[in-house]
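Data first, discussion second: the structure below is written as structure tokens.
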Amino acid sequence: MASLTASYRLAVASRALAAILGGYALTALAITALAIFLPMSRAEASLTATLLSFLIYTCVVIWVFATRSATRAWLGIIAPMVVLGALVWLQRLAS
Amino acid sequence: MSLFPFALTYSGWAALCFAMSRHAREVLQREPTPLQRQLLRAAGWIALTVSLLMAAAQAGWPIGTVEWFGMLTASAVSFVLLLTYRPRLAAGLGLGLPACALAGHFLVSVLRN
Amino acid sequence: MKEGFRQSMAWLHTWSGLVVGWILFAVFVTGTLSYFRPEISQWMRPELRDVKADANAAEHAIATLQERAPSSPRWFISLPEAREPVVRVTYRDPNGGEGRRGFKSVLLDPATGKEVTARETRGGDFFYRFHFELSMKPLWGRWIVGFCAMFMFVAIISGVITHKKIFKDFFTFRPKKGQRSWLDAHNAVGVLALPYHVMITYTGLVTLMFMYMPWGVQANYGDNREAFFDEALGVPAEVKPANQPGTLTNIKPLIEQAREHWDGANVAFITVNNPSDANSRIMIRRDNEHRLSTSNQSAEFAGTTGELLSLAGEPPPASQTRAVMFGLHMATFSSITLRWLFALSGLGGILMVASGLVLWSVKRAPERVKLGYTPFGHRLVEVLNIGVISGLPIAIAAFFYANRLLPVELAGRADWEVRTFFAAWLLSFVIPLIRPARADWTTQFVAGAALFAALPALNAATTQTHLGVTLAHGNWVYAGFDLTMLGIAALLALTAWYASRTPTSRKPAKRQAVEVSGLPAEAERA
């Protein structure tokens, strides 16, 4: 392991937070959108979205730790959340 | 679940293993020719495929597939352990196991009739 | 983490694995035991030795319930099967039972319908619940296990990415080479049983997914979760009683009729709603033997006339996927051979987690040599490793010992068995804590092996379900348990022997350090 400087520790903590909490929030929004927009009966759409959720979560976590910097990791969490949130919000307005 | 598909998965692993020159050198004491390696590799994949077909034919596709994965793990573990501690036996069983399973089947069907 | 993709995955694999490794180890061990939940429950109730399944079990159970609890709003009858040939009925006790909402569970003899009394124990259910609740408050335990399972899944995927020579090294195990061997062993059990590890972790998360990830349901149903379960999983709506007395028709023809629809599959479970009312309903549910999916296949009959009201067919794709994942996790479909293959893969999982934990310590031996002392973190990991890995078998053995040794009439007996389990486990942490000597691995594995080896003897001394009787009568549930205990003892003895010979378990020898530093680069990183 490289020398454990304070900034290194901070970056790791930041990524862990992004992966665990940010990842969960992104997953929650993603499956909300999937459950709404998948072209199936609403029960099947909810089930499909929920079944996929852990796969989505895993991909997000891996991406967070693979990307170049902690800042990029956070950006990568927040940007899709904004898009998904807007989609869900627009659909709610429309219905 | 019968013994023959299991034996086939074992032979399949053995063939795939000895298609790699490193393992072949260790156990068989000689370098396999490229043709031999290709034949071994083909035989390995065929054995694994046939064992899947047999497991599916016996138990149906859903449960047969699950059984096949179980057999793959069990035979791979036994093969790797034997290869480590009894390498010659590991190689011999690649042919011996299916033969024993076939003989067993034959014996059972003869005794039944 | 500034390095490449593979390095950051190696980092993620190491640390996500370490953080949850101890809990995962316990979950894997108790989960693997849960494949044999009925057998364990049976063995822990030696009084049930001569109980046998019976073709008229359902009729007898209903007769008993009509006598005991005619006013109960619902009866649940779980029918005998080969692995646990006893009837379990649950009903609301007119005298107020101790269970949830006054419901009470009783074991019946399938042949007579009479209650059978057995010692109070949680049996195999203890391990089953522990493997997803850790004996905590259910909500806490389930979240912690879910969190660890999620880490596990990430660790598996990142492990596969890290291990770049996954196919080249497929058949490779190099023993007696210190760290190299630990890494080989960890890779081998991980890769050879990889389909199982991926399957068991993901399906485990799926079994509790509506708790972990309620958002997909929330999106379409808001807080009306009942509506979702009704639509998606076919949970039938409740029937209001007519408040007029009615008599149940004979159950036997109904069972026959239902079995015809299922190509002769057996019936596992019967629910009777409003049993003494004119508006009664009988729900007959098939068992999942030879069937991967656990989707709810049931037939509903009008209780008084016996008219078939509905027959649940195969559900739509997503629902079926979930039901198959459930089935794969619980292995209810499986034959005895396949169950053992599952258990073997479970053992692979146990070894993978254990070797991963040990590897963390072994890999840092050169660091300890360089420092000249053992840092607190290393010592902590070591004590936890010894306590969890070598202590859990001791605790499990202690649980079985308590079952045979505690007086049958002891109040709260089932709880005392559980307390014994935890007391024994706690003790296995204390010894490595106060004794710095590294021989603890060996000592505790030897203790575990001795305890398991002596279990059949203790069984013979305290019950009439020992090998002498059970082997002679071909009672394979009891005999199989005792023989398996001997098998576990042998495995633990082998591990103890191995631990006693491994130089790293005594002291981080100089030779070891040299060997480690001479390793190729990919071994350093994994």
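Residue numbers (the working numbering), protein chains in the order written: chain A, 617 to 711; chain B, 4 to 116; chain C, 388 to 913.
The C-beta atom is built at its ideal place from N, Cα and C for all residues, glycine as well.
Keep in mind the model is a prediction, meaning the values are calculated, not measured.
Establish whether the CB of serine 711 of chain A and some CB of chain C are separated by less than 7 Å. Cβ-Cβ to chain C under 7 Å: no for serine 711 of chain A.
Does the beta carbon of isoleucine 543 of chain C come closer than 7 Å to any beta carbon on chain A? It does not; no Cβ of chain A falls within 7 Å.
Tyrosine 960 of chain C burial status per 10 Å Cβ neighbour count (16 or more: buried): Absent from the model: residue 960 of chain C. The displayed extent of chain C is 388 to 913, so no value can be given.
Partners in chain B for histidine 677 of chain C, counting only beta-carbon separations shorter than 9 Å: Counting only Cβ-Cβ distances below 9 Å, histidine 677 of chain C has contacts in chain B at Ala62, Gly63, Ile66, in chain order.
Give me the chain C residues within the contact set of threonine 128 of chain B, using Cβ-Cβ distance strictly less than 8 Å, ordered along the chain. With chain B covering only 4 through 116, there is no way to say anything about residue 128 of chain B.
Verify the contact flag: alanine 641 of chain A, CB atom, against every heavy atom of the ligand ZN, threshold strictly below 6 Å. Among the components of this structure there are no ligands whatsoever, and the ligand ZN is therefore not found.
Checking contacts by CB at 7 Å: is arginine 688 of chain A closer than that to chain C? For arginine 688 of chain A, not one C-beta of chain C is nearer than 7 Å to its own C-beta.
Length at least 4, wholly inside the stretch 835 to 888 of chain C: the alpha helix (DSSP H) runs in chain order: Scanning the stretch 835 to 888 of chain C from its first residue to its last, the whole alpha helix (DSSP H) runs of 4-plus residues come out as 854 to 860, 863 to 888.
Are the C-beta atoms of alanine 710 of chain C and some chain A residue less than 7 Å apart? Judged by the 7 Å Cβ criterion, alanine 710 of chain C is not in contact with chain A.
What do you get for glycine 609 of chain C, buried or exposed, if any count of 16 or more other CB atoms within 10 angstroms of its CB means buried? Flag for glycine 609 of chain C reads exposed.
Rounded to the nearest angstrom, what separates leucine 731 of chain C and proline 481 of chain C at their Cα positions? In this structure, the straight-line span from the alpha carbon of leucine 731 of chain C to that of proline 481 of chain C is close to 46 Å.
Can you confirm whether phenylalanine 72 of chain B, when its beta carbon is compared against all beta carbons of chain C, has any partner nearer than 7 Å? It does; some Cβ of chain C falls within 7 Å.
Do alanine 880 of chain C and alanine 836 of chain C come within 7 Å of each other at the CB atom, strictly closer than that value? Closer than 7 Å, so yes.
Would you mind listing the alpha helix (DSSP H) stretches within the stretch 519 to 584 of chain C that are 4+ residues and don't spill past its ends, in chain order? 525 to 549, 566 to 579, all fully within the stretch 519 to 584 of chain C.
On a CA-only basis, which of C:Asn862, C:Trp747, C:Ser887, C:Thr852 is nearest glycine 408 of chain C? Give me that one, please. The shortest Cα separation from glycine 408 of chain C among C:Asn862, C:Trp747, C:Ser887, C:Thr852 belongs to C:Trp747.
Please tell me whether leucine 626 of chain A has its Cβ less than 7 Å away from any Cβ of chain C. Judged by the 7 Å Cβ criterion, leucine 626 of chain A is not in contact with chain C.
Which residues of chain B have a Cβ atom closer than 9 Å to the Cβ of leucine 731 of chain C, listed in chain order? Contact note: leucine 731 of chain C reaches chain B through Gly73, Thr76, Ala77, Val80, using a C-beta cutoff of 9 Å and chain order.
Starting from the Cα of alanine 10 of chain B, find the closest Cα among B:Arg115, B:Gln32, B:Gly73 and give me that residue. Relative to alanine 10 of chain B, the option among B:Arg115, B:Gln32, B:Gly73 whose CA is nearest is B:Gly73.
From what residue to what residue does the beta strand (DSSP E) around glutamate 29 of chain B run? Where glutamate 29 of chain B is concerned, there is no enclosing beta strand (DSSP E), although the alpha helix (DSSP H) around it starts and stops at 24 to 31.
Using 8 Å as the threshold, is the stretch 56 to 64 of chain B in touch with the stretch 79 to 90 of chain B, meaning 3 or more CB pairs across them? The answer is no - the stretch 79 to 90 of chain B does not touch the stretch 56 to 64 of chain B, with fewer than three Cβ pairs under 8 Å.
Give, in chain order, every residue of the stretch 655 to 686 of chain A whose Cβ lies closer than 7 Å to some Cβ of chain C. Identification of residues in the stretch 655 to 686 of chain A having a C-beta nearer than 7 Å to some C-beta of chain C yields Arg658, Ala659, Glu660, Ala661, Ser662, Leu663, Thr664, Ala665, Thr666, Leu667, Ser669, Phe670, Tyr673, Thr674, Val677, Ile678, Phe681, Ala682, given in sequence order.
Could you have a look at tyrosine 640 of chain A and say whether DSSP puts it in helix, strand or coil? Residue state, collapsed to three classes: helix.
Taking only runs that begin and end inside the stretch 44 to 106 of chain B, name each unbroken beta strand (DSSP E) of 3 or more residues, in chain order. Within the stretch 44 to 106 of chain B, there are no complete beta strand (DSSP E) runs of at least 3 residues.
Where leucine 86 of chain B meets chain C, residues with beta-carbon distance less than 7 Å: The contacting residues are Phe558.
If you compare alpha carbons, which of C:Glu796, C:Ala826, C:Arg791 is closest to glycine 774 of chain C? For glycine 774 of chain C, the nearest C-alpha among the options comes from C:Ala826.
Run the CB neighbour count on phenylalanine 688 of chain C, radius 10 Å, all protein chains shown included, and call it buried at 16 or more, exposed below. So phenylalanine 688 of chain C counts as buried.
What distance in whole Å lies between the Cβ atoms of phenylalanine 519 of chain C and arginine 529 of chain C, which are believed to be in contact at a cut-off of 8 Å? The pair is a contact, with the Cβ atoms about 6 Å apart (cut-off 8 Å).
Nearest-angstrom Cα distance between phenylalanine 615 of chain C and valine 604 of chain C? So the two alpha carbons sit approximately 7 Å from each other.
Count the other CB atoms within 10 Å of the CB of arginine 33 of chain B; is the residue buried (16 or more) or exposed (fewer)? Answer is exposed; the Cβ neighbour count stays below 16.
By the 10 Å Cβ neighbour count, where 16 or more other Cβ atoms means buried, how is histidine 108 of chain B classified, buried or exposed? Exposed, since its Cβ has fewer than 16 Cβ neighbours within 10 Å.
Taking the alpha-carbon of asparagine 675 of chain C as reference, which of C:Trp649, C:Thr692, C:Asn666 has the nearest alpha-carbon? Looking at C:Trp649, C:Thr692, C:Asn666, the one whose alpha-carbon comes closest to that of asparagine 675 of chain C is C:Trp649.
What is the rounded straight-line gap between the Cα of serine 887 of chain C and the Cα of glutamate 769 of chain C? Roughly 16 Å between the two C-alpha positions.
Cα separation between asparagine 846 of chain C and histidine 853 of chain C? Straight through space, the alpha carbons of histidine 853 of chain C and asparagine 846 of chain C are spaced by roughly 6 Å.
Classification of tryptophan 569 of chain C by the beta-carbon crowding that lies within 10 angstroms, buried from 16 upward: Label assigned to tryptophan 569 of chain C: buried.
Look at the alpha carbon of proline 562 of chain C and the alpha carbon of leucine 98 of chain B, and state the distance between them as a whole number of angstroms. In this structure, the CA atom of proline 562 of chain C is about 26 Å from the CA atom of leucine 98 of chain B.
Neighbour flag for alanine 877 of chain C against chain B, beta carbons, 7 Å: So no, alanine 877 of chain C is outside the interface.
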